[in-house]
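Right, one structure below, let's go through it.
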Amino acid sequence: MSEKKVRHILGLSGGKDSTALALYLKDRVPDIEYFFCDTHKELPETYAYLKKLEILLGKKIAFLEPERGFDHWLSIYGGFLPSPQARWCTKQLKIIPFEKFIGEDETISYIAIRADEDRAGYISTKPNIKPVFPFMKEGLVKKDIFRIIEESGIGMPDYYKWRSRSGCYFCFFQQKIEWVRLSEIHPDLFEKSVRYEQEHADGRKYLWNRRESLIDIVSRKEKIIEEHINAINKKKLSQPNKTLVEVFSDDFCFVCHL
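Okay, here's the thing in structure tokens:
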């Protein structure tokens with residue numbers, strides 16, 4: 000009896016690091032499987048970018064979906080919005096679909112953490128899933144990620160023009176300037192985010208930002224924009240050899256993304 004084949008998988012977030020790793024491994028691991036955990040709350044730019052990436056990779060990306068969506072779990076959690084301290088969305092919409100996708104298969108999971116990062120990312124506790132970190136092993140840092148993406152021709156995701164991260168349009172890790180930009184670029188998605196804050200059967204209000212409602216944030220948008228521009232200019236002066244995209248992406252808030 001032949002030995003069961005080990006699966007090779009890579010989770011894509013629609014961001015630069017996982018994209019670069021997919022391109023880096025394309026010819027190095029021919030039988031690799033790509034997947035994306037679709038919460039159905041993603042930015043349209045993310046879906047457009049994944050379509051472009053599929054063409055470059057020459058392989059379909061498996062879109063993993065939870066059995067129940069965000070709104071279902073929001074009701075289960077009593078309208079309590081997810082937060083950095085209570086990330087039930089990651090568990091229900093990403094980790095569970097991911098582990099169901101793997102099942103009990105022996106699997107090598109490639110994780111896009113760079114050599115210049117200090118974070119762990121999501122590592123499954125299932126014994127049949129072995130995490131590997133190619134960028135860390137090879138000593139690849141942020142400049143290498145930009146080089147890989149530039150050489151491929153795919154370019155950066157469009158949302159990097161105004162946002163420092165991939166993820167749901169209402170992600171609680173967003174900076175205030177990113178909420179402001181969301182209100183300008185995707186006013187419909189911003190309005191949906193506001194409704195999630197305000198519309199609860201018992202009259203309670205929950206906040207994405209915890210300290211300030213979205214309505215309050217946009218009410219002082221000019222001040223937030225001014226402060227952001229000043230911070231970016233100051234950072235750019237201290238890092239003259241970096242592009243604006245590199246400077247902006249330094250503010251990326253690292254969380255476990257699949």
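For the sequence shown, numbering that gives the first Met the number 0 begins at 0 and goes up steadily by one. Every residue gets a Cβ at the ideal spot worked out from N, C-alpha and C, and that includes glycine.
Assignment of beta strand (DSSP E) within the region 77-123, counting only whole runs of 3 or more residues, yields 106-109 in chain order. Using a C-beta cut-off of 8 Å, the region 228-237 makes no contact with the region 97-108, since fewer than three inter-stretch Cβ pairs fall below that distance. In this model, I148 and A200 are separated by some 46 Å (Cα to Cα). Across the set Q197, H227, I176, G152, the C-alpha of G152 shows the shortest separation from the C-alpha of L22. I224 and V179 do touch by the CB rule: their CB atoms are close to 6 Å apart, below 8 Å. For secondary structure counted as the alpha helix (DSSP H) over 4 or more consecutive residues, the region 124-153 holds these complete runs in sequence order: 133-137, 141-151. CA-to-CA, the gap between S212 and E196 works out to about 8 Å. Bridge partners of L9 according to DSSP: Y33, Y109. The beta carbon of F169 sits closer than 8 Å to those of K40, L188, K191, S192, Y195, W207, all from its chain and outside the five residues before and after it, given in chain order. In this structure, the CA atom of F69 is about 22 Å from the CA atom of I101. C88 and R67 have their C-alpha atoms some 11 Å from each other.
Just so you know, the alpha carbons of K51 and L80 end up roughly 32 Å apart.
Straight-line measurement puts the Cα of S218 at about 45 Å from the Cα of P130. For A61, the uninterrupted beta strand (DSSP E) segment begins and ends at 60-63.
Annotation for Y195: the continuous alpha helix (DSSP H) segment containing it runs 186-197.
Here L139 really is in contact with R113; their C-beta atoms are around 6 Å apart, less than 8 Å. Burial check for R162: the Cβ neighbour count within 10 Å reaches 16 or more, so the residue is buried. Annotation for F132: I110, I112 place their beta carbon closer than 6 Å to its own, counting only its chain and skipping 5 residues before and after.
The Cβ atoms of L20 and F171 lie no closer than 8 Å to each other. The DSSP-derived three-state label of E211 is coil. Residue environment: Y159 is assigned as buried (16 or more neighbouring CB atoms within 10 Å of its CB, all protein chains considered). One thing to note: L63 has its Cβ within 8 Å of the Cβ of C36. G13 sits away from Y205, with the two beta carbons spaced by 8 Å or more. Counting along the chain, the unbroken alpha helix (DSSP H) around P43 starts and ends at 43-56. Linking K93 to L11 through their CA atoms gives a straight-line distance of about 11 Å.
Here P65 is buried. Its C-beta has 16 or more other C-beta atoms within 10 Å.
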